[in-house]
Structure formats: structure tokens, C-alpha cells
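Residue numbers (the UniProt record's numbering): 1 to 167.
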């Protein structure tokens with residue numbers, strides 16, 4: 001668990017660092033554009049008190065085209081669904097590991113509510129990518145890593161879980 005916790009925390013830190021770097025670059029870009037807009041506003045406010053004819057002649061589109069183009073706000077690139085899933089998975093898994101380590105350190109063992117063995121059929125559409133289901137869908141084990149599975153809205157993404165039904 002400690003090794004898994006270390007790996008997951010390192011992945012989470014790496015993802016946070018990448019997101020922070022992208023955020024800093026975006027904030028810098030927006031700050032530059034804000035500065036350009038502030039300059040344009042100051043120029044227009046200076047010319048506001050001029051007679052109307054002089055104002056219209058001096059503030060025609062020919063005077064500021066480059067400044068106006070440069071001041072357009074950038075449209076942020078959408079975050080890819082894969083990156084969103086990765087961050088969500090890392091966050092959920094990290095929390096599970098932290099909770100498991102805390103329980104382990106406290107010496108508490110999980111309480112099982114089930115008191116009888118029941119035959120089940122596992123649902124592969126809900127299986128976490130960290131789990132390996134048998135071909136007959138009767139048994140499950142923790143895999144060596146995350147499998148590349150088709151997206152499914154039913155799939156558990158953060159916790160190593162799978163739904164099953166009697167039989």
C-alpha cells in the first residue's frame with residue numbers, strides 16, 4: 001500500500017505541476033492582453049474630450065488595428081477528456097490509498113457485512129480498469145496496472161470496484 005501510495009502521489013504531483021504550469025502561462029497571456037486593453041482604454045479616454053470630428057478622424061479603425069487584434073482574449077483550449085479522467089482517477093485512487101493506509105496504521109480491519117458466500121456474475125461494463133475479470137466473469141483480481149478499456153458511463157474509474165449479480 002505504501003508503494004502504491006507513493007506512486008499515486010507522485011503521479012498526482014506531476015499532474016498538479018503540469019496544470020499549474022499551464023495556468024501560469026494562461027494567466028500571463030491574459031495579463032498581457034489586459035495591459036494592452038488598459039492602454040487602448042487610456043488612449044480613447046484621452047480622445048474622449050476632443051471635438052467629435054477630430055475624435056472620429058483620429059480613432060478610425062486604421063489607427064488601432066494591430067493594438068485591437070493583439071488585445072483579443074485567447075480562447076482557452078478545452079481540457080481533453082482523457083486528462084480529466086486521469087486527474088479524477090488519480091484523485092480518487094489517492095484518497096482510497098490514504099484511507100486504507102490510515103485504517104492500517106490505526107489497526108482497524110474492514111468490517112464485512114456479508115456473512116454467506118454467494119455465486120455472482122460480474123459485469124465487465126462496470127469493472128474498474130485496475131481489475132482483471134475471469135473469462136467466465138465469476139472471479140476478479142487486482143491487475144498489475146490500468147487496462148485500456150472502452151469508455152462506459154457505468155465503469156468505476158477511481159476505485160477498484162465492479163458490480164455483480166446473483167448467479
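Positions of the beta carbon are idealized from the N, C-alpha and C atoms, including for glycine. Predicted model only: the values in this text are computed from it and were never measured.
>> Starting from residue 17, trace the alpha helix (DSSP H) in both directions and tell me its first and last residue.
In response: One-based indexing of the chain shown puts residue 17 at position 17. Looking at the DSSP string, the run of the alpha helix (DSSP H) that includes residue 17 is 2 to 47.
> Using the beta-carbon count (16 or more within 10 Å), is residue 2 buried or exposed?
Replying inline: Along the chain shown, read from residue 1 onward, the residue named residue 2 stands at position 2. When all chains shown are included, residue 2 counts as exposed.
>> Assuming residue 88 and residue 157 are in contact, meaning their beta carbons sit under 8 Å apart, how far apart are those beta carbons, in whole angstroms?
In response: The residue you call residue 88 lines up with position 88 of the chain shown. The residue you call residue 157 lines up with position 157 of the chain shown. Their Cβ separation, rounded to whole angstroms, is 6 Å, which keeps residue 88 and residue 157 in contact under 8 Å.
> Under the three-state reduction of DSSP, which class applies to residue 118: helix, strand or coil?
Replying inline: Position 118 of the chain shown, counting from 1, holds the residue named residue 118. Of the three classes helix, strand and coil, the one that applies to residue 118 here is coil, per DSSP.
>> Just to confirm, is the Cβ distance from residue 128 to residue 162 under 8 Å?
In response: Here the question's residue 128 lines up with position 128 in the chain shown. Here the question's residue 162 lines up with position 162 in the chain shown. Cβ atoms of residue 128 and residue 162: closer than 8 Å.
> Pairing CB atoms from the segment 119 to 138 with CB atoms from the segment 41 to 52, are three or more of them under 8 Å?
Replying inline: no
> So, helix, strand or coil for residue 85, using DSSP?
Replying inline: As a working mapping, residue 85 is identified with position 85 in the chain shown. In this structure, residue 85 counts as helix in the three-state DSSP scheme.
>> Rounded to the nearest angstrom, what separates residue 96 and residue 79 at their Cα positions?
In response: Against the chain shown, residue 96 aligns to sequence position 96. Against the chain shown, residue 79 aligns to sequence position 79. So the alpha carbons of these two residues sit roughly 25 Å apart.
>> Mapping the DSSP letters down to three states, classify residue 140 as helix, strand or coil.
In response: Residue numbering aside, residue 140 sits at position 140 when the chain shown is read from its first letter. It is a strand residue.
> In its own chain, which residues sit with a C-beta less than 6 Å from the C-beta of residue 154, not counting the 5 before and 5 after it?
Replying inline: Position 154 of the chain shown holds residue 154. Excluding sequence neighbours, residue 154 sits near 125, 126.
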